[in-house]
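Residue numbers (numbering that gives the first Met the number 0), protein chains in the order written: chain A, 0 to 344; chain B, 0 to 344.
Just so you know, even glycine gets a beta-carbon here, dropped at the ideal spot from N, CA and C.
There are 2 protein chains.
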Amino acid sequence: MNKKGERMTHTTRLNGKLTLVAGGAGFIGSHLCAALLAKGDHVVCLDNLQTARPSNLRELESHPNFEFVEADITGPLPASVADRAHRFGRVYNLACAASPPQYQADPEHTMLTCVVGTSHLLRLAEQAGARFLLTSTSEVYGDPEMHPQQEGYRGFVNCTGPRACYDEGKRAAEALTFDYGRMGRAEVRVARIFNTYGPHMNPDDGRVVSNLVCQALSGDPITIYGDGSQTRSFCYVSDMVAGLMALMESGGDGLQPVNLGNPNEMTVNELLGHVLALTGSTAAVEHRPLPIDDPRRRRPDIDRAKALLDWEPRVPLAEGLAATCAWFAEELGGAGGQPMVAAAE
Amino acid sequence: MNKKGERMTHTTRLNGKLTLVAGGAGFIGSHLCAALLAKGDHVVCLDNLQTARPSNLRELESHPNFEFVEADITGPLPASVADRAHRFGRVYNLACAASPPQYQADPEHTMLTCVVGTSHLLRLAEQAGARFLLTSTSEVYGDPEMHPQQEGYRGFVNCTGPRACYDEGKRAAEALTFDYGRMGRAEVRVARIFNTYGPHMNPDDGRVVSNLVCQALSGDPITIYGDGSQTRSFCYVSDMVAGLMALMESGGDGLQPVNLGNPNEMTVNELLGHVLALTGSTAAVEHRPLPIDDPRRRRPDIDRAKALLDWEPRVPLAEGLAATCAWFAEELGGAGGQPMVAAAE
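Next comes the structure, spelled out in structure tokens:
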């Protein structure tokens with residue numbers, strides 16, 4: 000998809016360095032790729048397309064500085080990446096199924112993606128002399144007893160339950176990443192991502208925003224797990240991508256994780272109210288039991304991100320949710336190409 | 000080391016099934032191999048000899064039902080194991096460096112041993128239809144805020160620190176093991192081992208019993224980390240081995256971890272008093288700073304093990320410590336073969 004001349008011009012300007020985005024075809028990954036391209040990076044997107052939707056990349060494929068490589072990071076990195084190891088300057092690791100039904104479908108693969116996949120990418124970064132960023136998760140806090148969650152909180156995670164493949168996988172990936180950093184094997188950054196929403200979410204992934212919006216739009220009964228009083232804090236995807244890029248380029252030794260998310264906490268019932276108002280849906284609400292180990296409250300303390308990155312979320316919920324509903328409406332309507340970044344940007 | 004005729008007779012009696020002990024050349028592993036052989040098992044001991052001492056196997060090598068295979072479980076299992084996969088009836092996974100200086104020397108290898116190694120052995124158990132036992136650790140509780148520690152306690156573990164490669168590695172190994180159990184891929188058992196001591200400890204591994212005993216015996220100054228008021232609960236190795244074997248053969252679905260250890264809690268200073276009395280040492284005591292994330296208190300709640308396994312430790316500290324001192328005295332004196340199981344049995 001690239002003409003050699005164009006790529007040379009570009010990579011020369013960036014000292015020939017490439018940016019790897021593992022999981023780049025996923026929800027957040029595809030927005031990150033778009034933002035990196037807009038900044039002038041040459042992006043190599045690595046994805047196994049396990050949970051990603053190829054349509055997420057539709058608008059990127061024709062970009063002269065974008066390459067897509069289909070591969071699973073639990074195996075050896077493909078030659079098209081490994082043979083150019085020395086050319087990578089930045090390695091973003093966003094690769095892992097992130098919604099419970101998806102990461103629980105093959106829990107061993109989830110764990111190996113977190114641990115073996117991260118190990119493979121850290122070795123690449125070490126070989127390349129590249130900076131590495133791990134996208135960890137608020138799930139490392141489990142069902143938190145500290146509120147809001149600060150990075151120093153050690154979490155309340157059940158390591159024997161059905162969510163552990165992801166929660167403990169990510170905790171293990173953090174441990175591995177910080178070991179590389181402490182030993183000077185690579186410059187590292189670790190983001191703990193809280194709930195994020197926006198266009199390119201998978202309609203079927205079982206996350207609360209996509210569930211509610213898709214059900215409201217389709218007129219299906221709306222599923223609320225538990226009584227809906229559990230809280231989440233929702234960050235629009237453009238804010239999240241800006242935070243990830245700021246963290247990657249930040250100074251310091253990188254040996255501390257950084258929460259990224261929107262501290263605007265609300266109950267699931269409140270979110271439902273917004274969705275119903277936006278979509279005009281009058282669908283019935285069906286309650287189902289809370290999943291095992293489902294966290295009751297989630298809200299990031301983002302003081303560290305503010306201080307370190309001069310970053311905080313800017314997109315109000317009403318605006319982000321309108322853009323998300325508009326995108327899902329087109330998506331569910333079976334329409335063709337959607338704008339890569341929706342109105343809320 | 001085996002004559003084919005002997006092995007056939009034996010394995011026929013046990014329906015041809017073999018018992019795999021990964022990490023079988025280590026401290027606890029070597030005692031477990033001896034006890035399994037005494038029970039009549041045909042034992043295949045797999046070890047990379049990273050932290051194990053080959054001399055631990057001295058008395059086993061000539062046993063007709065014992066085989067040693069040198070291999071690292073982070074890689075594919077060796078043909079001598081994989082080719083006989085269907086013959087294994089029991090798989091014990093004790094493979095991992097377990098003392099901080101050793102597991103921190105190559106933290107990535109520690110993590111991969113826990114996760115990739117456990118995955119390889121679980122796959123073997125699945126293929127074999129064998130029952131699998133993971134030796135997890137009290138370290139999954141971190142620096143615990145609940146005392147004594149019950150299995151339902153979620154722990155207080157720092158997933159970003161220098162102990163995380165082991166603590167989080169074991170938590171990840173538990174997650175993986177319980178996923179195999181829940182999915183019906185293998186029958187699983189998980190033991191959380193608390194501090195254990197006895198002959199075959201590595202004099203250099205930095206654990207408190209071996210440190211104190213070796214320093215007292217050699218007349219070197221005795222190192223106490225912190226003020227010595229931190230507590231541990233020490234289980235003699237023969238009790239631990241009995242607990243592991245009872246857990247492996249126990250009924251139930253195996254989907255809950257089981258603490259194994261001795262609830263006889265004491266401060267490190269109290270332990271030192273016993274060691275000085277036993278050895279007659281008058282060496283000076285040197286205090287050093289506590290390592291990062293060192294747990295302040297450790298004591299297992301073993302109600303679950305008592306109820307499920309009808310097991311509890313039987314060897315009093317004075318007896319176990321005398322046997323341990325006697326063994327170290329011979330070992331440090333450079334003497335030849337030691338008795339496989341010391342007087343305390």
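Contacts around residue i, its chain only, beta-carbon distance under 8 Å, and the 5 residues preceding and following it disregarded
i: Gly-251(B); result: Leu-307
i: Leu-35(B); result: Thr-18, Val-20, Val-42, Met-244
i: Lys-3(A); result: With a pLDDT of 38 at Lys-3(A), under the threshold of 50, the modelled position of this residue cannot be trusted, and the question is left open.
i: Gly-205(A); result: Ser-98, Pro-99, Pro-100, Gln-101
i: Lys-350(B); result: Residue coverage of chain B in this structure runs from 0 to 344, which leaves residue 350(B) outside it and unanswerable.
7 Å Cβ shell around residue i - same chain, five flanking residues per side excluded
i: Arg-313(B); result: Asp-238
i: Pro-161(B); result: Gln-103, Ile-291
i: Gln-337(B); result: Residue placement at Gln-337(B) cannot be trusted, given a pLDDT of 37 that sits under 50; the coordinates are not used to answer.
i: Thr-222(A); result: Asn-210, Gln-214, Glu-285, Arg-287
i: Leu-275(A); result: Ala-215
i: Leu-277(A); result: Leu-320, Ala-321, Cys-324
Secondary structure of residue i, DSSP reduced to three states
i: Val-314(A); result: coil
i: His-286(A); result: strand
i: Cys-324(A); result: helix
i: Leu-76(B); result: coil
i: Ser-228(A); result: coil
i: Cys-95(B); result: coil
i: Arg-122(B); result: helix
i: Ala-21(B); result: strand
i: Leu-132(A); result: strand
i: Leu-331(B); result: helix
i: Leu-31(A); result: helix
i: Glu-69(B); result: strand
i: Asp-302(A); result: helix
i: Arg-57(A); result: coil
i: Gly-15(B); result: coil
i: Arg-52(B); result: coil
i: Gly-88(B); result: strand
i: Gly-141(A); result: strand
i: Gly-336(A); result: Note that Gly-336(A) scores a pLDDT of 38, beneath 50, so its modelled location is shaky; the value from the coordinates is reported in the next line. Looking at Gly-336(A) - three-state DSSP - the assignment turns out to be coil, as it is neither helix nor strand.
Cβ distance (whole Å) where residue i is taken to contact residue j below 8 Å
i: Leu-45(A); j: Ala-70(A); result: 6 Å
i: Ala-94(A); j: Leu-59(A); result: Not a contact, Cβ separation roughly 17 Å.
i: Val-189(B); j: Val-257(B); result: 7 Å
i: Phe-193(A); j: Pro-299(A); result: 5 Å
i: Asn-92(A); j: Leu-111(A); result: Between Leu-111(A) and Asn-92(A) the Cβ distance is about 14 Å, and since that is not below 8 Å, they are no contact.
i: Leu-133(A); j: Thr-176(A); result: 5 Å
i: Arg-371(B); j: Thr-230(B); result: The question about residue 371(B) has no answer here: the residues shown for chain B are numbered 0 through 344.
i: Gly-15(A); j: Arg-86(A); result: 6 Å
i: Phe-201(B); j: Phe-233(B); result: It should be pointed out that residue 201(B) corresponds to Asn in this sequence rather than to Phe. Wrong, their Cβ atoms sit about 16 Å apart, outside the cutoff.
i: Leu-76(A); j: Leu-123(A); result: 6 Å
i: Ala-304(B); j: Cys-158(A); result: At roughly 19 Å, the Cβ-Cβ gap does not stay under 8 Å, so Ala-304(B) and Cys-158(A) are not in contact.
i: Arg-191(B); j: Ser-137(B); result: 6 Å
6 Å CB neighbourhood of residue i in its chain, flanking five on each side removed
i: Glu-125(B); result: Arg-184, Ala-185
i: Asn-268(B); result: Gly-227
i: Ser-280(B); result: Ala-215
i: Ala-341(A); result: Confidence at Ala-341(A) is low in this model, with a pLDDT of 33, below 50, so its placement is unreliable and the value that follows should be read with caution. Cβ neighbours of Ala-341(A) beyond the five flanking positions: Pro-198, Ala-322, Trp-326.
i: Thr-73(A); result: Leu-111, Thr-112, Val-115, Gly-116
i: Glu-40(A); result: For the record, residue 40(A) in the displayed sequence is Asp; it is not Glu. The answer, listed in chain order, is Thr-18.
i: Ala-51(B); result: Ala-24, Gly-25
i: Glu-311(A); result: Lys-305
Starting from the N-terminal side, write out each stretch of the beta strand (DSSP E) that is 3 residues or longer and does not extend beyond the region 145–223 of chain B. 186–192
Where the region 103–120 of chain A meets chain B: residues whose CB sits under 7 Å from a CB there: Pro-106, Glu-107, Met-110, Leu-111, Val-114, Val-115, Ser-118
Taking Cβ-Cβ distances below 8 Å as the criterion, which residues of the region 130–160 of chain B are in contact with chain A? Val-139, Gly-141, Arg-153, Gly-154, Phe-155, Val-156, Asn-157, Cys-158, Thr-159, Gly-160
Note down, in chain order, all residues in the region 72–84 of chain A with a beta-carbon under 8 Å from any beta-carbon belonging to chain B. none
Please list the residues of the region 171–182 of chain A that have a C-beta atom closer than 8 Å to any C-beta atom in chain B, keeping them in chain order. Ala-171, Glu-173, Ala-174, Leu-175, Phe-177, Asp-178, Tyr-179, Arg-181, Met-182
Counting only runs that start and end within the region 232–299 of chain B, where is the alpha helix (DSSP H) found for 4 or more residues in a row? Taking only runs of at least 4 residues, the alpha helix (DSSP H) segments lying wholly in the region 232–299 of chain B are 236–247, 267–278.
Chain-ordered residues of the region 244–271 of chain A with a beta carbon less than 9 Å from chain B: Leu-254, Gln-255, Pro-256
Determine which residues of the region 32–51 of chain B have a Cβ less than 7 Å from any Cβ of chain A, and write them out in chain order. none
Interfacial residues, the region 182–206 of chain A to chain B, with Cβ spacing under 7 Å: none
Residues of the region 304–327 of chain B in Cβ contact with chain A at a cutoff of 8 Å, in chain order, please. none
Which residues, in order along the region 207–239 of chain A, keep a beta-carbon less than 9 Å from a beta-carbon of chain B? none
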